[in-house]
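To start, the structure under review is shown below, and the notes come after it.
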């Protein structure tokens, strides 16, 4: 009986595991191998260069610019998304219609979101400048994506807007699992809504918030698709929206330096893994058990 169960499990898993190994693990291993070569995407016998590609990363101004911008996104995006999502989830608790509205951006692809917001930010006929003119704030009109000081912030706003809906639904579902009798007891004792949220609701849903921190941290180290579609260059103006993923793409497919691009990919992989582990440790709290 036991051997038969194991044979069934092996038979059921061998095909998906084989497919995963061929289409997921194998490209990863090839990327690690190519990171130590000068492969140009065509040569069948690339030259082994050791750690030269990794040494070049720290003197590459575009990669360092992308690293700085992704670092800023890492500080801003997760904090903004989680704060807004928690506030909206608490404000719309028990109201499912609003959750559908907030979740709507999740139904759109990143490409569609980028194109839509590109029209919003258009200087002459865009929705944002049009709305500012309609309320008499013509002095606030800007070429939003063409100004180096504003372009990256405009991209981050889109990333925040497109991410909030998912976490509103996630946090709302977690809040529904909080026992009402505990909340009612706290209210009877004189605790206000803010105190109840801070002392009861937030600790009880912290595992969901922790998951949000980790996923948003990983997302903040990307941003490639939005930058690629929305910005001039892309990555401009004056490299003000350069991100690591865009540099990797350009190095490989525009300059044909696939070995160097693989080294970028390996560096981004370990950086993302390190950030995920760090966020997991920083956001770790004692588990709250309900009696």
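Numbering (the working numbering), first residue to last: 55 to 345. Built from N, CA and C at the ideal position, the CB exists for glycine as well. Just so it is clear, the structure is predicted and the values come from calculations on it, not from any experiment.
Residue(s) in a DSSP beta bridge with residue 102: 91
Sub-8 Å separation of residue 136 and residue 331 beta-carbons: no
CB-CB length for residue 180 against residue 173, believed under 8 Å: 6 Å
Meets three-Cβ-pair contact criterion under 8 Å: the stretch 271-283 and the stretch 185-197: no
Contact the stretch 227-242 vs the stretch 297-314: 3+ CB pairs below 8 Å: no
Whole-Å CB distance - residue 224 paired with residue 131, under 8 Å assumed: At roughly 16 Å, the Cβ-Cβ gap does not stay under 8 Å, so residue 224 and residue 131 are not in contact.
Segment limits, alpha helix (DSSP H) that includes residue 160: Looking at the DSSP string, residue 160 is not in any alpha helix (DSSP H), and its letter there is neither H nor E.
Segments assigned alpha helix (DSSP H), at least 4 residues, entirely inside the stretch 155-225: 164-174 and 181-188
Within the stretch 302-339, ranges of the alpha helix (DSSP H) (whole runs, at least 4 residues): 312-336
Buried or exposed by the 16-neighbour rule on C-beta atoms within 10 Å, applied to residue 6: This structure cannot speak to residue 6, because the chain is shown only from 55 to 345.
Any alpha helix (DSSP H) of 4 or more consecutive residues that is wholly inside the stretch 233-271: 234-242 and 247-250
Residue range of the alpha helix (DSSP H) that includes residue 117: 115-145
Beta-carbon gap between residue 99 and residue 229 smaller than 8 Å: no
Three-state secondary structure assigned by DSSP to residue 297: coil
Through-space distance from residue 113 to residue 310, alpha-carbon basis: 19 Å
Residue 79 - containing alpha helix (DSSP H), residue span: That residue, residue 79, is in no alpha helix (DSSP H); it is neither H nor E in DSSP.
The stretch 68-82 / the stretch 284-295 touching (three or more Cβ pairs under 8 Å): no
CB-CB length for residue 269 against residue 218, believed under 8 Å: At roughly 13 Å, the Cβ-Cβ gap does not stay under 8 Å, so residue 269 and residue 218 are not in contact.
Buried or exposed by the 16-neighbour rule on C-beta atoms within 10 Å, applied to residue 178: exposed
For residue 266 and residue 312, the rounded distance between their alpha carbons: 33 Å
Rounded C-alpha distance that separates residue 209 from residue 68: 43 Å
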